[in-house]
Amino acid sequence: KRKVNPIEARRQQVVAKAMAVLEKDEDEFGNIGKVVAAKLRKMNQQQFLHADKIITEVVYKGLQNQLSSYTSVYDDNCYGNSFPGPSAYNPYQMYNQDPPLHTDSDTFSTSDTSRSNTPRNTTN
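Quick note: the sequence shown, position 33, residue 33 per full-length UniProt numbering, numbers continuous.
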């Protein structure tokens, strides 16, 4: 009988593992992740932190079944809200543009995005 060289046996294990990884088909989630990761790598640290926060919030809302084709992310700056309250400041807010579930005058709250698509006035 031929004695198996431990180095050769280890090499064969590594090659077998590498082949298994290479033969594995990526699903659409892995492919999207790679595309997003490539784009995030092109950002400076500050932009990456903002993008990460927004992406994380969107995924969280999706896990809570709170996304629809009407859900959008808006930058408060486009509404001219230049003096937000310090505790309420969120430069990127998510709005669900579905019809309101009630008729009172509540406006957008960061804890419930499905009530209104009107930005909260934080200057009062």
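For glycine and all other residues, C-beta sits at the position ideal for the given N, C-alpha and C.
Just to check my reading of the structure: residue i and residue j have Cβ atoms closer than 8 Å, yes? What is that Cβ distance to the nearest angstrom?
| i | j | result |
| --- | --- | --- |
| V73 | I54 | 6 Å |
Hey, would you say residue i sits closer than 9 Å to residue j, going by beta carbons?
| i | j | result |
| --- | --- | --- |
| E26 | K17 | no |
| L40 | A51 | yes |
Counting only beta-carbon atoms, is residue i nearer than 9 Å to chain D?
| i | result |
| --- | --- |
| A37 | Among the chains in the structure shown there is no chain D, since it carries only a single protein chain. |
Can you tell me which of the options puts its alpha carbon nearest to the alpha carbon of residue i?
| i | options | result |
| --- | --- | --- |
| F29 | V59, N65 and Q47 | V59 |
What runs of the alpha helix (DSSP H), each 4 residues or longer, lie entirely inside the region 9 to 76?
28 to 41 and 45 to 63
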